[in-house]
Amino acid sequence: MSRAPEAVHRRRWAILAVLMFSLLIVVLDNSILNVAVKTIASPPPTGIGASQSELEWAINSYTLVFAGLLFTAGLLGDRVGRKKVLLFGILVFGGGSALAALSGSPGELIAYRAVMGFGAAFVMPATLAVLMNVFEREEQPKAIGIWAGGVGLGIAIGPVTGGLLLEHFWWGSIFLVNVPVAVVALLAMTLLVPDSKDPSPGRTDPVGVALSVVGLVLLVYGIIRGGELADFTAPSVLLPLFAGLAVLTGFVLHERRSDHPALDMAYFTNPAFSAAVAAIALVFFALLGVTFFSAFYLQSVRGYSALQAGLLILPLAVAQMVFAPRARLVVARFGARAVCTGGMLLVAAALAAFTLYDADTPVWALGAVFFVQGAGMAHIMPPVTVSVMQSLPREKAGSGSAVNNTFRQVGGALGVAVLGSLLSAAYRGEIEGHLQGVPSGMRQAAGESIEATLAVAEKLGPAGQALVGPAHTAFLDAMHLTALCSAAVALLGAAVVARFLPSRPAGADGDPEREDGEQEPAAAR
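The opening residue of the sequence shown carries number -13 in my numbering; numbering runs sequentially from there.
Structure follows, in structure tokens:
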């Protein structure tokens, strides 16, 4: 593995700061929209009158394009240069943000959010790939810890930033704020970030790339559609799901037989690589599903404003900032397997704590649980990311980062869809018995969600007040069930990590052999 040039090595921490700046707006924008949905749903001039389905697609169009193109974007970075791909991604993301801010209809917002997802797909894997090329192996765990802390920070401060902007400006400001940040990031990257790519990329694999894009898009679309309908048995859900799985199976078979694969399947014979990507998918499945319904709990049940709800999640960000950069020290003492297993158990405990929440849970208890959740995440993401990235040659950093982020994004999308569907089904099952007094034309809509029930109650005036208490109770019961399932998924992740993740990464301390003494596959070396 070649060393980074001395001039690049000297400014590596400044380069990391620039990469964090670029990463922050991409991750932050993924969570900032959640606090603005009420405003955007309002009629003009306050919002653009988006329906519930249109709001979901404003969020999901970003996720769909982002997840579908991550792998391809990582491969392009390895082939044409990570700096070029990074600059292109930031430029597209900034342009899409400006267009989204000026959207005049829900359809335009959905389309421009897809453009933003297209740009973000080129940013996310490139930041981690550049990081792996400017830091030497011994400093990579520290740098990845800071990088992972930035991801957690972006997720947590998104709602706070959105709440602040919505209190003082119009809804489009949550997108327009990305533009000056993108301009600064472009200038800083042009001056500081070096370019790098795979010096021997080999022949292209257009069939493999096409199969990966089509398969991921179909799979994520089916997941999103299932969450939208709260029904995973509908033909419009099953067809893209099974088609996506079939295409991805074809992708795996093609890659195994190809003499110039886009993704070398030998990477997955490395226990560190396979266990790490599985852990990433499982933890984000559990985490993002809970993050989705916690916003409704804080705002709809507890009555907090968007800004107050965002501030209550800050302990999660604080824990990420404190522990993620230092996770490498704990790993050095106890090993990646023990640390990641402990982190998964902390996350499972925090998710299980949601089953104890009611309408009067003290604020300090909410903050404490979010802090524990952030501490658990901070001891999972850096070690598993190090395991993924150090399992591969530096020249393949782009595709390795793309695999890491693809599993994270698909796991998160699946969590929101599956756990969101479970929440919706459980809520409808309990609230329907209280809707007999609602006019028949409004009854179906009133059972969709707690927001829909409360909106109908408001329209009915004094007669609708009788629905508020049952709506809160039904939501809390549904949330408790969903939280229990989330905790079970996190426990599954802990079992996977404890069983399959090596305690020490391959090649630790300069040893090219694995922990069990067997030689790594040639592709992994």
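Where a beta carbon is used, it is the ideal one built from N, C-alpha and C, also for glycine.
How about residue i and residue j: do their beta carbons lie closer than 8 angstroms?
i      : j      : result
Leu152 : Trp133 : no
Ser286 : Glu437 : yes
Val179 : Val4   : yes
Ala313 : Leu487 : no
Ala512 : Met330 : Nothing can be reported for residue 512: it is not among the residues displayed for the chain, which extend from -13 to 511.
Ala174 : Pro92  : no
Val238 : Ala53  : no
Pro221 : Gly208 : no
Ala171 : Ser47  : no
Ala464 : Leu409 : yes
Gly131 : Pro311 : yes
Leu117 : Leu2   : yes
Asp298 : Val402 : Residue identity differs from the one stated: residue 298 is Leu in this sequence, not Asp. No.
Gly397 : Ile266 : yes
Trp157 : Ile26  : yes
Thr49  : Gly103 : yes
Val167 : Ile11  : yes
Gly236 : Val223 : no
Glu418 : Gly433 : yes
Ala258 : Ser373 : yes
Leu284 : Ala272 : no
Gly450 : Val442 : yes
Gln359 : Leu400 : no
Leu596 : His420 : Outside the shown range of the chain (-13 to 511) lies residue 596, about which nothing can therefore be said.
Gly136 : Met251 : no
Val101 : Gly82  : yes
Check each candidate in the options and name the one with the smallest Cα separation from residue i.
i      : options                        : result
Tyr98  : Ala354, Val66, Ile45, Pro448   : Ile45
Ala339 : Val120, Ala441, His466         : His466
Leu62  : Gly194, Phe155, Gly80          : Gly194
Val482 : Leu173, Val424, Gln126, Ala264 : Ala264
Val23  : Pro127, Gly149, Ala232         : Gly149
Leu300 : Ala361, Ala258, Leu342, Ile266 : Ala361
Gly321 : Ala0, Ser8, Thr147, Ala484     : Ala484
Val169 : Met251, Thr341, Gly80          : Gly80
Val233 : Leu204, Met251, Pro247, Thr392 : Leu204
Met521 : Leu19, Asp245, Phe121          : Residue 521 falls outside the range modelled here, since the chain spans only -13 to 511, and no answer is possible.
Glu124 : Gly33, Leu315, Ala112, Ile210  : Leu315
Pro192 : Gly397, Arg65, Val358          : Arg65
His458 : Leu446, Thr439, Pro448         : Thr439
Val146 : Phe259, Pro166, Ser291         : Ser291
Thr341 : Ala305, Ser472, Gly90, His154  : Ser472
Gln306 : Val317, Phe356, Ala412         : Phe356
Ile210 : Gly406, Ala411, Gly415         : Gly406
Ser182 : Ala112, Phe279, Pro247, Val51  : Ala112
Gly289 : Asp344, Glu94, Ala388, Phe228  : Asp344
Ile96  : Ala354, Asn256, Leu453, Val51  : Val51
Lys128 : Pro29, Ile34, Val370, Gly75    : Val370
Ala318 : Thr219, Phe282, Gln126         : Gln126
Leu446 : Leu462, Asn390, Val424         : Val424
Ile34  : Glu94, Val78, Ser244, Asp15    : Glu94
Would you give the residue range spanned by the alpha helix (DSSP H) that residue i belongs to?
i      : result
Pro221 : 221 to 243
Val317 : 313 to 320
Trp350 : 349 to 364
Ser83  : 68 to 87
Val179 : Careful: Val179 lies outside any alpha helix (DSSP H) and carries neither H nor E.
Val454 : 454 to 486
Leu117 : 92 to 120
Ala443 : 436 to 445
Phe340 : Taken as a continuous stretch (DSSP letters only), Phe340 belongs to no alpha helix (DSSP H), as it is neither H nor E.
Gln306 : 300 to 309
Leu284 : Per DSSP, Leu284 belongs to no alpha helix (DSSP H) and is neither H nor E.
Ser159 : 159 to 162
>> Is it the case that the segment 101 to 111 contacts the segment 53 to 65, given that we only count it when at least three CB pairs across the two stretches are under 8 angstroms?
In response: yes
At a cut of 8 angstroms, does the segment 79 to 95 reach the segment 192 to 200 through at least three beta carbon pairs?
no
Would you be able to state if there are at least three C-beta pairs under 8 angstroms between the segment 465 to 485 and the segment 322 to 336?
-> yes
### Task
May I ask you to verify whether the segment 316 to 331 touches the segment 357 to 371, counting CB pairs closer than 8 angstroms and requiring at least 3?
yes
* Asked: Using 8 angstroms as the threshold, is the segment 340 to 354 in touch with the segment 160 to 172, meaning 3 or more CB pairs across them?
  -> no
Does the segment -2 to 14 come close enough to the segment 64 to 71 that 3 or more CB-CB pairs lie under 8 angstroms?
no
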